[in-house]
Structures are given as C-alpha cells and as structure tokens.
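Visitor: Under the working numbering, the first residue of the sequence shown carries the number 17, and numbering increases by one thereafter.
Ideal Cβ placement from N, Cα and C applies to all residues, glycine included.
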Amino acid sequence: MIRIADLRVRFGKIEAVKGVSFTVARGESFGLVGESGSGKSTVLRALSGLNPDWTGHMEIDGEPLAPRRSRAFFRHVQMVFQDPYGSLHPRQTVDRIVSEPLLVHGLSDVDTRIRRALDEVALPRAIRFRYPHQLSGGQRQRVAIARALIGNPRILILDEA
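#1: Under 6 Å Cβ to Cβ from Ile76, same chain only, skipping five residues before and after it: list those, please.
#2: Have a look at the DSSP bridge pairing and note the partners of Thr71.
#3: Once you ignore the five residues that flank Gly55 on each side, which residues in its own chain have a CB closer than 6 Å to its CB?
#4: Can you give the beta carbon distance from Ile130 to Val120, rounded, assuming they're within the 8 Å contact cut?
#5: Between which two residues does the alpha helix (DSSP H) carrying Lys29 extend?
#6: Which partner residues of Ile143 appear in the DSSP bridge assignment?
#7: Can you grab the Cα-Cα spacing for the pair Arg132 / Lys29, in whole Å?
#8: Apply the 10 Å Cβ neighbour rule to Pro148 and answer buried if 16 or more other Cβ atoms are within range, or exposed otherwise.
#9: In this structure, does DSSP put Gln94 in helix, strand or coil?
#10: By DSSP's criteria, Ile130 is part of a beta bridge. Which residues make up the other side?
#11: When you compare each of Ala21, Arg107, Gln98, Asn168 to Pro80 by their alpha carbons, which one comes out closest?
#12: Using alpha carbons as the reference points, say which of Val126, Ser52, Gly78, Pro68 lies closest to Leu23.
#13: Within 8 Å, do at least three Cβ pairs link the stretch 101-112 to the stretch 150-170?
#14: Starting from Leu60, trace the alpha helix (DSSP H) in both directions and tell me its first and last residue.
#15: What are the boundary residues of the beta strand (DSSP E) that includes Leu172?
#16: Between the C-alpha atoms of Glu176 and Gln98, what's the straight-line distance to the nearest angstrom?
#17: Look at the alpha carbon of Asp135 and the alpha carbon of Thr39, and state the distance between them as a whole number of angstroms.
What follows is the structure, given as structure tokens:
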C-alpha cells in the first residue's frame, strides 16, 4: 500500500533525510524508530504531503505521489502530530476542531460523527464546547486523534502519538 524508495529531504544545505526506503502492506502497522533528530518526523511530513521539498519515490496503492497533493489525498491520509499543545487551534472549540475535516471535505452527519468520534477516543460529550487550554495533555491528544479519524481515512500517520 505505501512504498517509499530513496527518500531525501533537504533544508537548505542540510540533508535531513538520506535515502530512506520502506514498504508498508495494506492493514499493516509500521513503526519508524530512531534517535531524536534522526528525521522520523521529517519522513512523515513528506509522506503526509506537509513537506513538498523532497526527492525520491513515494507511492500509495501503486499511485506515485507528487510533492503537491490533491484535496482527495488529504481526505484519505490523516496525521496526528506529536505535540497536542501546538496542533490544536487555541481559539477554536473541540467541536470546531473535530468537525473541520468533515466541513472541508463536504461530509454529512456532522453532529453524529462528532459524537461518535469523541466516544471512540473516550472523551465525554460535554468536552465539545471547551477550548484546548481547558483540557489536559492527554485529552488534547485524544482530540487530535478524533480529528484525524472522523473522516475515516485509509491511512493514519502517527508522529509519536
């Protein structure tokens, strides 16, 4: 399902990722392990389409990925970031944060899907109208997971989640 071959990512003159290759079969879980600063998050950002400055070959289901991704790609591939404090908009309620993928992709049954997503990550429904600063770190991370899962993506990328 996912194949990466000779992935290279540069930031100016610094080559942050040097020739990474791996394959992940459909239905398989895959862990990318390395020391802090080794480029794990950089690989995931390239795969998820958030960093278009890479060379090499990436494909999903046999379809090559271009550095710039379509809206449909983001409907099927979601990412949960490692920092629950920085990945949630501080001026948006949990309800708005979790509903965003549904609104962006024109999906229906927003209220029902939000309730189901919060239930799936064991968050009380009363949390819907709170702001991120009113939540614990664990609750914030579960909000981020609910946001990623709500649109039923085919691929979920977790950056140290």
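Guide: Per the coordinate set shown:
#1: Taking the sequence shown and counting its residues from 1, the one referred to as residue 76 is at position 60. For Ile76, where only same-chain residues beyond five positions count, the Cβ hits under 6 Å are Ile18.
#2: Your numbering for residue 71 matches position 55 in the sequence shown. Paired residue(s): Arg24.
#3: Here residue 55 is taken as the residue at index 39 of the sequence shown, counted from 1. Cβ within range, chain order: Ala32, Val33.
#4: Translated into positions along the sequence shown, residue 130 becomes position 114. Translated into positions along the sequence shown, residue 120 becomes position 104. Not quite, the Cβ-Cβ distance comes to about 14 Å (not below 8 Å), so this is no contact.
#5: Residue numbering aside, residue 29 sits at position 13 when the sequence shown is read from its first letter. Per DSSP, Lys29 belongs to no alpha helix (DSSP H) and is neither H nor E.
#6: The sequence position of residue 143 within the sequence shown is 127, counting from 1. Paired residues: none, contrary to the question.
#7: Looking up residue 132 in the sequence shown gives position 116. Looking up residue 29 in the sequence shown gives position 13. Approximately 46 Å between the Cα atoms of the pair.
#8: For the purposes of this step, residue 148 is identified with residue 132 of the sequence shown, where counting begins at 1. Using a 10 angstroms sphere on the CB of Pro148, the tally of other CB atoms reaches 16 or more, which defines it as buried.
#9: For this step, residue 94 is matched to residue 78 along the sequence shown. Note: Gln94 maps to strand in three-state DSSP.
#10: Locating residue 130 in the sequence shown gives position 114, where the first residue counts as 1. Ile130 is not bridged to any residue.
#11: The residue you call residue 80 lines up with position 64 of the sequence shown. Nearest option by C-alpha distance: Ala21.
#12: Counting from 1 along the sequence shown, the entry for residue 23 is found at position 7. Leu23 has its Cα closest to that of Pro68, out of Val126, Ser52, Gly78, Pro68.
#13: As far as the Cβ criterion goes, the stretch 150-170 touches the stretch 101-112, which means the pair count is three or higher.
#14: Here residue 60 refers to the residue found at position 44 when the sequence shown is read from its first residue. That run of the alpha helix (DSSP H) goes 56-64.
#15: Sequence index remark: in the sequence shown, residue 172 carries index 156 (1-based). Unbroken beta strand (DSSP E) run through Leu172: 171-174.
#16: If you number the sequence shown from 1, residue 176 lands on position 160. If you number the sequence shown from 1, residue 98 lands on position 82. In this structure, the straight-line span from the alpha carbon of Glu176 to that of Gln98 is close to 5 Å.
#17: Reading the sequence shown from its first residue, position 119 is the one you call residue 135. Reading the sequence shown from its first residue, position 23 is the one you call residue 39. Distance between the alpha carbons of Asp135 and Thr39: 32 Å.
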